[in-house]
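Protein chains in written order, with our numbering: chain A, 592 to 834; chain V, 7 to 414.
Backbone N, C-alpha and C fix where the C-beta goes; we use that ideal spot for every residue, glycine too.
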């Protein structure tokens with residue numbers, strides 16, 4: 592089943608949490624691959640392990656067993672610094688709660704990942720403005736993060752995830768805290784990034800409607816892969832969603 | 007991450023919580039200000055005292071009663087061993103150009119309905135030569151006054167004015183306690199020397215002091231000589247041992263019942279005393295710095311707990327553990343360094359005000375900027391930031407990105 596084109600490949604992936612000697616198994620051995628440029632949604636009820644899976648795939652959490660190959664490299668061979676570098680260069684995160692720095696301008700929030708890069712500081716503003724413009728917020732660049740609406744905040748978070756042009760974007764319930772109109776706008780941007788710019792997108796959601804923006808849906812149940820199916824009638828968000 | 011970007015990032019974090027940052031800084035500001043104040047006033051005091059001592063001159067020696075250990079461990083119970091006969095013996099040495107002595111006594115002076123508590127100095131005619139003083143009116147004490155045990159006095163300028171107003175004091179009578187003295191002279195203005203306002207004093211002879219107050223032991227004898235002091239000192243020691251029947255051929259200072267000090271010795275002693283004083287004051291001030299440092303550590307711990315999500319986010323977007331450590335350390339050092347600058351400015355302001363206040367009571371104090379104080383204030387505040395910021399920063403750096411993101 593291994594495919595050389597897979598940017599993400601997991602085999603027998605397991606995750607246990609140990610708290611005061613009590614072991615809780617969350618993921619019981621998952622095997623799948625995600626080819627470069629694919630838009631995948633991970634679905635499942637609460638407690639199914641979908642967020643845990645995304646955190647492991649995004650190098651935010653470690654695995655307890657199995658194998659995780661990212662871009663041809665076994666992640667278990669990477670040390671802390673290499674993991675940090677991979678997080679910075681290869682992936683971008685979008686969180687349900689946006690996680691913007693409070694009382695900080697949109698521009699400074701979007702620039703934040705560059706602080707941990709080798710990009711010279713003279714280029715930061717231009718790069719940040721490019722990312723902010725791509726999510727349609729150039730008029731808000733100097734506003735403080737707490738002066739924005741929820742939808743705008745999530746678009747700032749997307750701009751922050753994009754600034755280093757990572758091949759993979761992880762979105763953890765990105766529309767969970769948004770009204771339907773703002774949610775639709777966010778999904779439109781994600782689809783645009785996937786279709787027009789070739790970003791691989793891994794989306795975690797519990798809403799079927801949101802998941803149908805993806806090409807493929809992985810369903811988890813009790814830490815196991817319940818189903819892995821392509822989306823037959825993909826929701827393309829250009830017209831009807833963004834009314 | 008470049009240092010400049012790091013400082014900028016740390017600065018923005020502090021500005022985001024500016025009220026808390028300012029309050030936290032206050033502890034360091036007060037601590038550093040207290041240290042600067044202690045050092046600055048200490049240096050001004052030292053300079054003032056040394057100025058007073060240098061007015062004494064480098065061609066004089068003071069013979070004190072008691073063993074030399076007096077200079078290190080002064081005791082109020084020193085046996086007073088110097089008397090008029092010692093002066094008479096020293097007068098036989100032609101290379102000593104002037105010899106004087108002093109006995110101090112306080113009493114109530116009364117004249118023409120005015121009364122005032124004053125200091126009386128029982129002394130000898132050579133006091134004028136030793137001190138380089140001059141009389142404005144009349145004459146100073148003479149050997150005849152001393153030998154004749156005459157009840158005569160010479161008044162300081164301001165004392166004469168207080169007792170007799172615009173009238174001429176010479177020839178008038180003044181009472182010290184119950185005893186009447188005739189004023190034979192009024193001194194020219196002399197100012198402050200050795201912390202004593204000389205213009206407020208009254209001089210009488212050592213013999214009159216003995217008769218009226220039953221005090222014949224001198225507090226010290228002063229000699230003036232053209233002989234180099236390092237040569238004069240052992241010669242006087244030999245004479246004094248002989249006069250006091252001391253068997254001390256090896257010159258052990260502990261066997262003597264007197265010791266000789268020069269201006270250089272006095273400066274050395276004063277420098278030691280003020281140095282100790284500065285250390286003492288700075289140590290007390292340092293305690294407030296310690297408290298300030300603990301305040302910084304406390305707030306940094308709270309900050310780490312509050313910003314767990316932010317730390318998680320920073321790690322998620324590529325920050326390494328050491329980047330987070332540096333960020334929090336930089337925040338702590340910026341806080342303490344800014345506090346240090348504030349403390350230096352505030353400390354200098356306080357010491358300037360302090361010197362103005364002291365000057366109002368005792369003129370002659372000069373405001374000194376303690377360069378040592380400023381440099382050590384800034385260095386110490388940086389070190390406090392590093393030391394007290396390290397543990398919270400290490401805690402932040404050790405957070406697993408996922409642990410940090412989960413806590414919300």
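Query: Which of the residues in the segment 636-654 of chain A, read from start to end, lie with their CB under 7 Å from any CB of chain V?; Result: 646, 651, 652
Query: Do the segment 606-617 of chain A and the segment 767-781 of chain A touch if we need at least three Cβ pairs shorter than 8 Å?; Result: no
Query: Report buried or exposed for residue 629 of chain A, applying the criterion of at least 16 other Cβ atoms within 10 angstroms of its Cβ.; Result: buried
Query: Checking 9 Å against the spacing of the C-beta atoms, do residue 750 of chain A and residue 697 of chain A come in under that value?; Result: yes
Query: Taking C-alpha atoms, which residue in V:350, V:166, V:361, V:108 lies nearest to residue 141 of chain V?; Result: V:166
Query: Can you find the residues in the same chain that come closer than 6 Å, C-beta to C-beta, to residue 151 of chain V, ignoring five residues on each side of it along the sequence?; Result: 158, 211
Query: Less than 8 Å between the CB atoms is what I'm expecting for residue 689 of chain A and residue 744 of chain A, so what's the real figure, rounded?; Result: 4 Å
Query: Is residue 268 of chain V helix, strand or coil when you go by DSSP?; Result: strand
Query: Exposed or buried, residue 903 of chain A, counting other C-beta atoms within 10 Å across all chains shown (16 or more means buried)?; Result: As displayed, chain A neither begins before 592 nor continues past 834, which places residue 903 of chain A out of reach and without an answer.
Query: Assuming residue 334 of chain V and residue 306 of chain V are in contact, meaning their beta carbons sit under 8 Å apart, how far apart are those beta carbons, in whole angstroms?; Result: 7 Å
Query: Out of curiosity, what's the CA-to-CA distance linking residue 387 of chain V and residue 715 of chain A?; Result: 33 Å
Query: With DSSP as the reference, please indicate the residues paired to residue 158 of chain V in a beta bridge.; Result: V:188
Query: Spatial neighbours of residue 20 of chain V within its chain, please: C-beta separation below 7 Å, excluding the five flanking residues on both sides.; Result: 27, 337, 340, 341
Query: In this structure, how does DSSP classify residue 792 of chain A when only helix, strand and coil are distinguished?; Result: strand
Query: I'd like the list of long-range same chain contacts for residue 287 of chain V, defined as Cβ closer than 7 Å, with 5 residues on each side in sequence excluded.; Result: 44, 48
Query: Rounded to whole angstroms, what is the Cα-Cα separation between residue 350 of chain V and residue 283 of chain V?; Result: 20 Å
Query: Mapping DSSP to helix, strand and coil, what is residue 746 of chain A?; Result: helix
Query: Tell whether a beta-carbon distance below 9 Å holds between residue 90 of chain V and residue 104 of chain V.; Result: no
Query: Measure how close the beta-carbons of residue 193 of chain V and residue 160 of chain V come, nearest whole angstrom, since I'm counting them as under 8 Å.; Result: 6 Å
Query: Give a yes or no on whether the C-beta atoms belonging to residue 270 of chain V and residue 75 of chain V are separated by under 9 Å.; Result: no
Query: Compare the C-beta of residue 318 of chain V with all C-beta atoms of chain A and state if any pair is closer than 9 Å.; Result: yes
Query: What residue range does the beta strand (DSSP E) around residue 364 of chain V cover?; Result: Taken as a continuous stretch (DSSP letters only), residue 364 of chain V belongs to no beta strand (DSSP E), being part of the alpha helix (DSSP H) at 327-367.
Query: Count the C-beta pairs between the segment 287-302 of chain V and the segment 258-269 of chain V that are closer than 8 Å, then say yes if the count reaches three, no if not.; Result: no
Query: Here's the rule: buried if 16 or more other CB atoms are within 10 angstroms of the residue's CB, otherwise exposed. What is residue 834 of chain A?; Result: Residue confidence for residue 834 of chain A is low, a pLDDT of 29 falling below 50, so the modelled location carries little weight; the figure read from the coordinates is stated next. Label assigned to residue 834 of chain A: exposed.
Query: Taking the CB atoms as reference points, tell me whether residue 702 of chain A and residue 719 of chain A lie closer together than 9 Å.; Result: yes
Query: Buried or exposed for residue 801 of chain A, please, with buried defined as at least 16 other CB atoms from any protein chain shown within 10 angstroms of its CB.; Result: buried
Query: Sorted by chain position, which residues of the same chain lie with C-beta nearer than 6 Å to residue 395 of chain V's C-beta, five sequence neighbours on each side aside?; Result: 306, 335, 338
Query: Can you list, in chain order, the residues of the segment 305-330 of chain V whose Cβ is nearer than 9 Å to any Cβ on chain A?; Result: 315, 316, 318, 319, 320, 321, 322, 323, 324, 325, 326, 327, 328, 329
Query: Going by other Cβ atoms of all chains shown within 10 Å of its Cβ, with 16 needed for buried, is residue 707 of chain A buried or exposed?; Result: buried
Query: In whole angstroms, give me the CA-to-CA distance for residue 148 of chain V and residue 174 of chain V.; Result: 21 Å
Query: Look up residue 387 of chain V in the DSSP assignment and say whether it is helix, strand or coil.; Result: helix
Query: Determine the contact status of residue 206 of chain V and residue 138 of chain V, defining contact as a CB-CB distance below 9 Å.; Result: no
Query: Compute the minimum distance between the beta carbon of residue 196 of chain V and the heavy atoms of the ligand PLP, and state whether it is under 8 Å.; Result: Of the ligands one can find in the structure shown there are none, so the ligand PLP has no counterpart to examine.
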